[in-house]
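Trainee: Sequential numbering from 1 applies to the sequence shown in the UniProt record's numbering.
Yeah, the Cβ is synthetic: ideal placement off N, Cα and C, and Gly gets one too.
Predicted model only: the values in this text are computed from it and were never measured.
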Amino acid sequence: MTLSRLCRLFAAAFCLIAWLAGSAFAEGLKITEMTVTTKIVKGNPIDSVRRISSKSVKALYCFTRISSPGDTDTTITHVWYLNDEVVGEYELPVKGGHWRTNSKKVLEKGQSGQWRCEAQDSDGNVLKSVSFQMN
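Next comes the structure, spelled out in structure tokens:
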């Protein structure tokens with residue numbers, strides 16, 4: 001393999017890695033905590049839902065803690081799914097180095113199944129996802 005060809009291969013690999021990293025790294029966003037909870041008290045989740053009865057709650061919250069550069073001013077979107085179908089989207093601000101945010105999903109009767117909530121950056125890249133089962 002010639003040096004020229006090796007350099008082109010290295011450059012292509014570097015570009016691929018940069019593309020895969022996506023804008024989440026470019027923006028410096030890092031999700032340090034994400035959970036679905038039944039309640040938020042004093043800015044923090046009180047529990048972490050993995051399995052829950054639809055009869056026990058009227059709403060759930062997706063809590064997200066984010067670490068980023070101090071001058072960050074962007075948004076993330078919480079996308080809620082039920083059985084792989086979008087049932088809610090909430091755009092949330094991220095301002096500053098240590099930020100907490102949450103979205104509230106009001107539940108309706110008959111919404112049993114496999115749930116998930118994704119945190120997406122402003123370009124739609126998934127930063128983190130949490131799943132739970134509702135009976």
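Give the straight-line distance between the Cα atoms of Val-94 and Asn-125, rounded to the nearest whole angstrom.
Mentor: Locating residue 94 in the sequence shown gives position 94, counting from the first residue. Locating residue 125 in the sequence shown gives position 125, counting from the first residue. If I take the Cα positions, the gap works out to 15 Å.
Trainee: How many angstroms separate the CA atom of Tyr-90 from the CA atom of His-78?
Mentor: Taking the sequence shown and counting its residues from 1, one reaches residue 90 at position 90. Taking the sequence shown and counting its residues from 1, one reaches residue 78 at position 78. Rounded to the nearest angstrom, the two C-alpha atoms are 5 Å apart.
Trainee: Do Gly-110 and Ser-54 have their beta-carbon atoms positioned less than 9 Å apart in this structure?
Mentor: Residue numbering aside, residue 54 sits at position 54 when the sequence shown is read from its first letter. Residue numbering aside, residue 110 sits at position 110 when the sequence shown is read from its first letter. In contact: Ser-54 and Gly-110 (Cβ atoms closer than 9 Å).
Trainee: What residue range does the beta strand (DSSP E) around Pro-93 cover?
Mentor: Counting from one through the sequence shown, the residue named residue 93 turns up at place 93. Note, Pro-93: beta strand (DSSP E), 85 to 95.
Trainee: What residues match up with residue 137 in a beta bridge as DSSP calls it?
Mentor: The requested residue 137 is not part of the displayed model; the chain covers only 1 to 135.
Trainee: In this structure, what does DSSP give as the bridge partners for Leu-82?
Mentor: As a position in the sequence shown, residue 82 is number 82, starting the count at 1. The partner list for Leu-82 (beta bridge, DSSP) reads Glu-85 and Trp-115.
Trainee: Name, in chain order, the residues that DSSP records as bridge partners for Ile-76.
Mentor: Looking up residue 76 in the sequence shown gives position 76. Looking at the DSSP assignment, Ile-76 forms a beta bridge with Leu-92.
Trainee: Would you call Cys-117 buried or exposed, if buried means 16 or more other Cβ atoms sit within 10 Å of its Cβ?
Mentor: The count along the sequence shown starts at 1 and reaches residue 117 at position 117. It counts as buried.
Trainee: For the 8 Å Cβ check, are there 3 or more pairs between the stretch 44 to 54 and the stretch 71 to 87?
Mentor: Contact between the stretch 44 to 54 and the stretch 71 to 87 is absent, because fewer than three Cβ pairs lie under 8 Å.
Trainee: Cutting at 7 Å between CB atoms, please list the residues of its own chain near Met-134, excluding the five before and the five after it.
Mentor: Residue numbering aside, residue 134 sits at position 134 when the sequence shown is read from its first letter. Around Met-134: Ile-52, Ser-54, Gln-111, Ser-112, Gly-113 and Trp-115.
Trainee: Name the DSSP beta bridge partners of Thr-37, please?
Mentor: As a first step, residue 37 is located in the sequence shown; it is residue number 37 there, counting from the start. BP columns for Thr-37 point to Tyr-61.
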